[in-house]
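Q: Here it is: the structure, laid out below.
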Amino acid sequence: MDISSSLFRLETRERSTSRGPERRFRRRSASRNSAASKHRPPASLQLFAANGTVISTYGKCLLTLDLGLRRVFRWSFIFAVVSQTVIGADFHRHNGLLFDIRHECLVDSLTKLQTQGTVQQ
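Heads up, the sequence shown is in the UniProt record's numbering, so the first residue is 1 and it goes up one at a time.
Now the structure itself:
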């Protein structure tokens, strides 16, 4: 597994310019072009998967996310080798973000705005 592609690929969704209920989102992937994206030795922090296996970490990075909720979110993310990227519950709790699984959206409890998403099985 190539660490640079696994750890440092960020996926964001951009609103298209179309208006009305047919508005679509498009996915955009970007790799971080910095010293952080080169192979690094594992950090001392270890995480554990639900099945007990160790997840090696490779440092932290302060990122600013725009989730389409009319405000930006800054958070210190931990980079790790995982099959799917995860934004933890601590991020959502700190920023007052709620999952609406039924309607497949993320709700900002502060502004009451929401952004559509996709529930993955």
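Built from N, CA and C at the ideal position, the CB exists for glycine as well. All values reported here derive from a predicted model rather than from experimental measurement.
When DSSP labels each residue in this structure, what does Ala49 get in the three-state scheme?
A: It is coil, neither helix nor strand.
Q: Quick one: which unbroken alpha helix (DSSP H) runs of 4-plus residues sit fully inside the stretch 78-106? Chain order, please.
A: You should have 89-95.
Q: Confirm, please, whether the CB-CB distance from Thr64 to Val54 is below 8 Å.
A: The answer is no: Cβ separation not under 8 Å.
Q: Which of helix, strand or coil does DSSP assign to Gly59?
A: Gly59 falls in the strand class under three-state DSSP.
Q: I'd like the list of long-range same chain contacts for Thr115, defined as Cβ closer than 7 Å, with 5 residues on each side in sequence excluded.
A: Closer than 7 Å at the Cβ level, and outside the excluded window around Thr115, lie Leu67, Gly68, Leu69, Cys105, Leu106.
Q: In whole angstroms, what is the alpha-carbon distance linking Trp75 and Leu47?
A: Trp75 and Leu47: Cα-Cα distance of roughly 18 Å.
Q: Secondary structure at Thr64, three-state DSSP: helix, strand or coil?
A: DSSP places Thr64 in strand when its eight states are reduced to three.
Q: Can you name the residues that DSSP bridges to Ser76?
A: DSSP, once it has assigned bridges, lists Leu62 as partnering Ser76.
Q: Count the other CB atoms, across all protein chains shown, that sit within 10 Å of the CB of Asp108; report buried if there are 16 or more and exposed otherwise.
A: It counts as buried.
Q: Let's see if you can read the secondary structure: which residues bound the beta strand (DSSP E) around Thr115?
A: 114-116 is the extent of the beta strand (DSSP E) around Thr115.
Q: Relative to the C-alpha of Ala49, which candidate in Leu62, Asp100, Thr85, Pro41 has its C-alpha closest?
A: Selected option, being the one with the closest Cα: Thr85.
Q: Please classify Arg23 as buried or exposed, where buried requires at least 16 other C-beta atoms within 10 Å of its C-beta.
A: Because the pLDDT at Arg23 is just 40, under 50, the model does not fix this residue reliably, and the point stays unresolved.
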